[in-house]
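Protein sequences, first through last, are from chains Z and G. The opening residue of the first sequence carries number 1 in the UniProt record's numbering; numbering runs sequentially from there. The opening residue of the second sequence carries number 1 in the UniProt record's numbering; numbering runs sequentially from there. C-beta: ideal position from N, C-alpha, C; glycine also.
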Amino acid sequence: MKEPDSVGILVPSGMLGAGFHPDTITRGISLGADVIAVDGGSTDSGPYYLGTGTAKTTEQAVRRDLRILLAAANEAGIPLIVGSCGTGGTDAGVHWVAAIVDEICAEDGLHPTIAKIFSEQSAERLAPELARGRVHPLPPSTELDASTLTRCAHIVGMMGHEPIEQALRAGADVVLAGRATDTALAAAVPLMRGMPPGPAWHAAKIVECGGQCTTDPRAGGVFARIHHDGFTIEPLDPNAACTPASVAAHMLYETVDPFTMREPGGTIDVTDTSYTAIDDRTVLVEGSRFEPAEQYTIKLEGAAITGYETVSFTGIRDPKVLRAIDVWADLLRKTLTDRVDTVLDLRAGSWAADLRLYGHNAILGDLEPAVSPPREVGVMLLVSAGDQQTATAISKLANPLLLHLPLPTMTYLPSFAFATSPAHVDRGAAYEFVLNHVVDVDSPTELFRLEMPETRR
Amino acid sequence: MTDTAPYTLGDLATEVRSKNAGPFWLTIEAFMPDEAAYRIADALVTPELISELYRVPSASLRIFRIPDLNVVKVSLPRPVAQGSVFDRDIHAGQHHVPLATVEIRECES
C-alpha cells in the first residue's frame, strides 16, 4: 500500500463511557479521520479495578458511547480501537466490552470483524523471567520478589502498538485491547501507515486525555493529523481551542518527567519540540523525537489483596472536644488497641486502623500546614484485617468509642453524631498496586494473545 | 503589590495542582501567570523547601523549571502507595496545598 501523506486520529473523549456530543464524531469524521481511538482504562482510580477485574464505568455509559462509535466507524470504513478495556485491562474487562459490542452489533445490524487482544499475565509465566534477571524495578521500587507475583489477584502487561497493528493487518475493524499504554492506541494506525515515530507518539500522548490539551478540558474530543514533519491538533468542539500553551502543558499532566516518556520500544523526547498556532484553535507541533530503546520492555501492573476493610463514620460538633481533637483521636486509637488485645486474640501486625479526622487534617495528615481548631469534624475509622469478620469485629469494638469516648478531662459521656445506622459499612477485599516493574521481551507481541475470527481478506 | 496582605504562592499562581503520575509518584505543578511571577516561583521552589514541606529526602525529588510555559513542576515518590490502607488521597489531587500555601515574603521585581 502506498504511504499516505498524513493520518487523522479522532479521540472522542479521555475515557470510554465519559460521554461526548454526537456532533464530536460527525465533525471528526468530516475532518478526515483514519481511525477512532479511545482509552477504556487507567490505574488512576486505584488498584480495586485491576484487583477485581471490574470496570469503573457503568455499562450503560459504555454502551451509549460504543453505539455511536461503532456506527460512525462502520459508516466511514475506518477502524475503532479501544484500549485498556474494562478499566484495568484484565481479560474479564476485554470480555465485558466485547459482550457489549456484540449486543450493539446484533441490535444495529453491524458486522465488523472484531479482534480481542488479551494482556493478562500469570505468575507462572513471569516467574522464570524473574529468575533469569529479565524483570527490572522502576523507581522508586526495589527488586521484585517471586512471592509478590503469586500474591497478585491480577497482573497485566501494558502492550505497545504492535499487537494492535497485528490485529489491524489481519483485517480487524474493531480492536478491543486489554491493558495498553495510553499512547499505543492512537499511535498504532499512524505508525502502520508509515508516519514517523516522533510525531506519531507525541500526538498520541497529547490526545490520550481528550480535551485536557485544550483551553476547555470539559470540551471532550480532539482531532490530530500526523504528517511526515509533525502534527496538528484541534478540539472537536468548535467553541474550544488548542493553544501552543495548552498543548505543551499537556506533557505535564500525570507525568513524572514532562520532557521524556518511556514507551515499550523507546522514549518520546519533546525537549526540542516547537508549538505554533496556525489559526486561533489549531496548533502545529514539530521537532518531537522518538529514541528507540536497546531493549524492548513491557511494563507490568499487579494488584494484590491487602486485607478486608470496614469503614465507620461519626461526626463531632462540640467545640470542647474539637479544641482537643488530637488528644481525643490519640485516646481513641489507644483504647481501641487495648480493647482488641483484650477481646480478640489477634497477632500483632495482623490488623490496622486508620483514624481520619475530616475537617481537621484527614487529607494531608502530618503535612497539614493549617493549625486553627475546626468547626466540625467527620471521623472516619478505616479498619483492615485478614478477613472480613475480623474487620467487622474490630469496628464493632470501636463503635461505642466513636459514639461516646470522652476526653480524659471529662466527667461525663458525650454522644457524637453517627451519620447512619449502623455506623459501619463492610468494604470487602481491598487492594494495593504491588508491581512497578518491566520485563524484557524478545518480541513486542509475545506476552499478548490475539483472538479474532478468520477474515475474508 | 501591597506589602501588608499575606500572600501565598497559590494567590500568585494561575493554578497550583497535584495528581498521581502513576501509582507510585505524585506530581505538583505551579502555573504562573507571567514571567515575573514565574521568577518568584522559580526562586521559591528549592529541593530544600519541598523536602521540608513533603518530608521526603531531597535526593528523591525531581524539579523541572519550564520558563516557556511559566511552570515549575515537582515530582516525588508517593508518601504511601496508592489505595493502601493509609492512603487518604487516591488521586493525590489535594497534595498541592502545602506548596500552594507557602507565604511569599519577598517579592523580587
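Our contact map puts residue i next to residue j with C-beta atoms below 8 Å; I'd like the distance itself, whole angstroms only.
{"i": "Z/V35", "j": "Z/I9", "result": "6 Å"}
{"i": "G/L9", "j": "G/S18", "result": "Not really, about 13 Å apart at Cβ, beyond 8 Å."}
{"i": "Z/E162", "j": "Z/P444", "result": "4 Å"}
{"i": "Z/A184", "j": "Z/T310", "result": "Not quite, the Cβ-Cβ distance comes to about 39 Å (not below 8 Å), so this is no contact."}
{"i": "Z/H377", "j": "Z/I325", "result": "Per the sequence presented here, residue 377 of chain Z reads as Val, with His not at that position. Z/V377 to Z/I325, Cβ: 6 Å. Contact."}
{"i": "Z/G210", "j": "Z/S13", "result": "5 Å"}
{"i": "Z/P190", "j": "Z/V7", "result": "4 Å"}
{"i": "Z/R356", "j": "Z/M380", "result": "4 Å"}
{"i": "G/D87", "j": "G/A81", "result": "7 Å"}
{"i": "G/V85", "j": "Z/A352", "result": "5 Å"}
{"i": "Z/L344", "j": "Z/I268", "result": "No, Z/L344 and Z/I268 are not in contact; Cβ-Cβ is about 53 Å, not under 8 Å."}
{"i": "G/V56", "j": "G/A30", "result": "Not quite, the Cβ-Cβ distance comes to about 18 Å (not below 8 Å), so this is no contact."}
Whose C-alpha, out of the options, is nearest the C-alpha of residue i?
{"i": "G/L53", "options": "Z/E454, Z/G365 and Z/L401", "result": "Z/G365"}
{"i": "Z/A187", "options": "Z/A203, Z/R179, Z/L176 and Z/R169", "result": "Z/A203"}
{"i": "Z/S122", "options": "Z/E291, Z/A303 and Z/G46", "result": "Z/A303"}
{"i": "Z/A180", "options": "Z/R134, Z/C152 and Z/I117", "result": "Z/I117"}
{"i": "Z/E120", "options": "Z/E432, Z/C152 and Z/Q295", "result": "Z/C152"}
{"i": "Z/D426", "options": "Z/P139, Z/F313, Z/A18 and Z/C242", "result": "Z/F313"}
{"i": "G/S51", "options": "G/F86, G/V16 and G/R78", "result": "G/R78"}
{"i": "Z/A329", "options": "Z/A61, Z/P406 and Z/I226", "result": "Z/P406"}
{"i": "Z/G198", "options": "Z/G133, Z/V256 and Z/S274", "result": "Z/S274"}
{"i": "Z/L236", "options": "Z/R27, Z/E376, Z/A18 and Z/P453", "result": "Z/R27"}
{"i": "Z/R225", "options": "Z/V11, Z/R449 and Z/K2", "result": "Z/V11"}
{"i": "Z/V438", "options": "Z/K299, Z/D341, Z/S384 and Z/A370", "result": "Z/K299"}
{"i": "Z/L138", "options": "Z/L168, Z/T297 and Z/F223", "result": "Z/T297"}
{"i": "Z/V97", "options": "Z/E124, Z/Y48 and Z/K56", "result": "Z/K56"}
{"i": "Z/P112", "options": "Z/T142, Z/E129 and Z/A76", "result": "Z/A76"}
{"i": "Z/A385", "options": "Z/V135, Z/G307 and Z/M452", "result": "Z/G307"}
{"i": "Z/G89", "options": "Z/A370, Z/D354 and Z/D44", "result": "Z/D44"}
{"i": "Z/T420", "options": "Z/L402, Z/A362 and Z/A393", "result": "Z/L402"}
{"i": "Z/T260", "options": "Z/T243, Z/F20, Z/A240 and Z/S288", "result": "Z/S288"}
{"i": "Z/V175", "options": "Z/C213, Z/L252, Z/D318 and Z/D39", "result": "Z/D39"}
{"i": "Z/V156", "options": "Z/N436, Z/E451 and Z/P453", "result": "Z/N436"}
{"i": "Z/T87", "options": "Z/M15, Z/A146 and Z/L130", "result": "Z/M15"}
{"i": "G/L44", "options": "G/R65, G/N20, G/L76 and G/G93", "result": "G/R65"}
{"i": "Z/I25", "options": "Z/D65, Z/G46 and Z/T54", "result": "Z/D65"}
{"i": "Z/V371", "options": "Z/A398, Z/L332 and Z/R323", "result": "Z/R323"}
{"i": "Z/A71", "options": "Z/A167, Z/I81 and Z/C105", "result": "Z/C105"}
{"i": "Z/K2", "options": "Z/P374, Z/V101 and Z/M192", "result": "Z/M192"}
{"i": "G/G93", "options": "G/I104, G/D11 and G/N20", "result": "G/N20"}
{"i": "G/E48", "options": "G/A41, G/S58 and G/E35", "result": "G/S58"}
If the cut is a Cβ gap below 8 Å, which residues of chain Z does residue i touch?
{"i": "G/Y54", "result": "L367"}
Quick one: which chain Z residues come within Cβ less than 7 Å of residue i?
{"i": "G/G10", "result": "Those within 7 Å of G/G10 in chain Z number zero; the least Cβ separation is about 11 Å."}
I want to verify the contact list: residues of chain G whose CB lies under 7 Å from the CB of residue i, in sequence order.
{"i": "Z/A398", "result": "What Z/A398 touches in chain G: nothing, since even the nearest Cβ is about 15 Å away."}
{"i": "Z/S384", "result": "V85"}
What residues of chain G sit near residue i, judged by a beta carbon separation below 8 Å?
{"i": "Z/D387", "result": "In chain order: nothing, as chain G lies at least about 15 Å away."}
If we cut at 8 Å on Cβ distances, does residue i have a partner in chain B?
{"i": "Z/I363", "result": "Absent from the structure: chain B. Protein chains present are Z and G."}
Item to check | Interfacial residues, the segment 130-147 of chain Z to chain G, with Cβ spacing under 7 Å | outcome: So the close ones are P140 and S141.
Checklist entry - Enumerated in chain order, which unbroken segments of the alpha helix (DSSP H) with a length of 4 residues or greater are wholly contained in the segment 379-406 of chain Z? => result 388-404
Checklist entry - What are the residues of the segment 78-103 of chain G that lie near chain Z, defined by any Cβ-Cβ distance shorter than 9 Å? => result R78, P79, A81, Q82, G83, S84, V85, F86, D87, R88, D89, I90, H91, Q94, H95, V97, P98, T101 and V102
Checklist entry - Taking any Cβ of chain G, which residues in the segment 406-440 of chain Z have a Cβ under 9 Å from it, in chain order? => result Shown in chain order are the members of the segment 406-440 of chain Z whose Cβ falls below 9 Å from a Cβ of chain G: A430, Y431, E432, F433, V434 and N436.
Checklist entry - For the UniProt domain "DUF4387" (9-102) of chain G, which segments carrying the alpha helix (DSSP H) assignment without a break, of at least 4 residues, lie completely within its bounds, in sequence order? => result 9-12, 35-44, 47-54 and 97-100
Checklist entry - Along the segment 60-75 of chain G, what residues have a CB closer than 8 Å to any CB found in chain Z? => result Here the close residues are S60, R62, F64, I66, D68, L69, V71, K73 and S75.
Checklist entry - Name the residues in the segment 297-312 of chain Z whose C-beta lies less than 9 Å from a C-beta of chain G; which are they? => result Residues passing the 9 Å Cβ filter: E301, A303, T306, G307 and E309.
Next on the checklist: Can you pull out the residues from the segment 237-259 of chain Z whose beta carbon lies closer than 8 Å to at least one beta carbon of chain G?
Outcome noted: A245, A248, A249, L252, Y253, E254, T255, V256, D257, P258 and F259
Checklist entry - Looking at chain G, which residues of the segment 34-53 of chain Z have a Cβ within less than 8 Å of any of its Cβ atoms? => result T43, D44, S45, G46, P47 and Y48
Next on the checklist: For a minimum of 3 consecutive residues, which ranges assigned as the beta strand (DSSP E) are wholly contained in the segment 277-353 of chain Z?
Outcome noted: 283-286, 289-292 and 297-316
Checklist entry - What residues in the segment 332-359 of chain Z have a beta carbon less than 8 Å from any beta carbon of chain G? => result From the segment 332-359 of chain Z, only A352, D354 and R356 have a Cβ closer than 8 Å to chain G.
Item to check | Members of the segment 21-34 of chain G near chain Z, C-beta cut-off 7 Å | outcome: A21, G22, P23, F24, W25, T27 and E29
Checklist entry - Can you list, in chain order, the stretches of the alpha helix (DSSP H) that have 4 or more residues and sit fully within the segment 134-197 of chain Z? => result 146-151, 162-169 and 182-192
Item to check | Runs of alpha helix (DSSP H) lying entirely within the segment 31-65 of chain Z, each at least 4 residues, in chain order | outcome: 48-52
Checklist entry - Going along the chain, which unbroken runs of the beta strand (DSSP E) with 3 or more residues stay wholly within the segment 226-258 of chain Z? => result 230-235
Checklist entry - At what residue ranges does the segment 196-221 of chain Z contain a whole run of the alpha helix (DSSP H), taking only runs of 4 or more? => result List check, alpha helix (DSSP H) in window: 197-207.
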